[in-house]
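**Student:** In this note's numbering, the protein residues as written are 1 to 154.
Where a beta carbon is used, it is the ideal one built from N, C-alpha and C, also for glycine.
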């Protein structure tokens, strides 16, 4: 049985339902949200933050396709002939912030600004101990199977 390892400590949690949630912070002075967690608020410089679970769904604010491997380190994914281009975007989480993340979709014809996205975990690479390293990503929500998008314009 293969085990999984998070790409970074304390960046997300997985609930009893198997669904991931990003862990951010919120300034106790001005309410500013941050991800990943921070000790100080870049907006008001206050140094007391509280951990918050970030929304699992949001809308695609902007995106691009990463067509070549980033420099390693810190990049952990496949390189050379094993590299597969991947989508990268900012997803706006309502009332919180915009999160930069991988996208599960890399076909430009299937991505559009404003589309609904949902947080998922995806495999990134294999660690030295044989475990699968996973990272967070956002996947397009299939509007045909989601009642929350009912009535929205296409």
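(1) So is residue 14 buried or exposed if we call it buried at 16+ other beta carbons inside 10 Å?
(2) On the premise that residue 35 lies in contact with residue 99, defined as a C-beta separation below 8 Å, what is that separation, rounded to the nearest angstrom?
(3) Using alpha carbons as the reference points, say which of 82, 135, 63, 140 lies closest to residue 8.
(4) Taking the alpha carbon of residue 97 as the point to measure from, which residue in 45, 57, 17, 139 has its own alpha carbon closest?
(5) Within 8 Å, do at least three Cβ pairs link the segment 68-77 to the segment 112-127?
(6) Are residue 54 and residue 21 close, meaning C-beta to C-beta below 8 Å?
(7) Enumerate in chain order the residues of its own chain whose CB-to-CB distance from residue 49 is below 8 Å, with the five nearest sequence positions on each side excluded.
(8) Leaving aside the five residues before and after residue 133 along the sequence, list all residues of the same chain whose C-beta is less than 6 Å from its C-beta, in chain order.
(9) According to DSSP, is residue 127 helix, strand or coil?
(10) What does the alpha-carbon distance come out to for the pair residue 64 and residue 83?
(11) Who are the Cβ neighbours of residue 130 in its own chain at under 7 Å, not counting the five residues just before and after it?
(12) Just tell me which of 93, 140, 95 has its CA closest to the CA of residue 109.
(13) Residue 27 lies in the beta strand (DSSP E); which residues open and close that run?
(14) Have a look at residue 61 and residue 19 and give me their C-alpha separation to the nearest angstrom.
(15) Based on Cα-Cα distance, which residue from 114, 45, 51 lies nearest to residue 92?
(16) Rounded to a whole number of angstroms, what is the C-alpha to C-alpha distance between residue 106 and residue 87?
**Tutor:** Put simply:
(1) Working through the chain shown from its first residue, we reach residue 14 at position 14. Exposed is the call here.
(2) As a working note, residue 99 is residue 99 in the chain shown. As a working note, residue 35 is residue 35 in the chain shown. Confirmed, about 5 Å.
(3) The residue labelled residue 8 in the question sits at position 8 within the chain shown. When each option's Cα is compared against that of residue 8, the closest is 135.
(4) Locating residue 97 in the chain shown gives position 97, counting from the first residue. Here the closest residue by C-alpha is 57.
(5) yes
(6) Counting from 1 along the chain shown, the entry for residue 54 is found at position 54. Counting from 1 along the chain shown, the entry for residue 21 is found at position 21. Contact flag set, yes.
(7) Translated into positions along the chain shown, residue 49 becomes position 49. Counting only Cβ-Cβ distances below 8 Å, and skipping sequence neighbours, we find 25, 26, 27, 28, 34, 37, 38, 39, 40, 41.
(8) Position 133 of the chain shown, counted from the start, is the residue given in the question as residue 133. Cβ neighbours of residue 133 beyond the five flanking positions: 5, 7, 124, 125, 127.
(9) Counting from 1 along the chain shown, the entry for residue 127 is found at position 127. Residue 127 falls in the coil class under three-state DSSP.
(10) For the purposes of this step, residue 64 is identified with residue 64 of the chain shown, where counting begins at 1. For the purposes of this step, residue 83 is identified with residue 83 of the chain shown, where counting begins at 1. In a straight line, the C-alpha of residue 64 is about 16 Å away from that of residue 83.
(11) What you label residue 130 is simply residue 130 of the chain shown in a count that begins at 1. Within the same chain, residue 130 has no close Cβ partners at all.
(12) Locating residue 109 in the chain shown gives position 109, counting from the first residue. Of 93, 140, 95, the residue nearest in Cα terms is 140.
(13) For the purposes of this step, residue 27 is taken as the residue at position 27 of the chain shown. Note, residue 27: beta strand (DSSP E), 20-27.
(14) The sequence position of residue 61 within the chain shown is 61, counting from 1. The sequence position of residue 19 within the chain shown is 19, counting from 1. Approximately 22 Å between the Cα atoms of the pair.
(15) Translated into the one-based positions of the chain shown, residue 92 becomes position 92. Here the closest residue by C-alpha is 114.
(16) Here residue 106 refers to the residue found at position 106 when the chain shown is read from its first residue. Here residue 87 refers to the residue found at position 87 when the chain shown is read from its first residue. Taking the straight line joining both Cα atoms gives about 4 Å.
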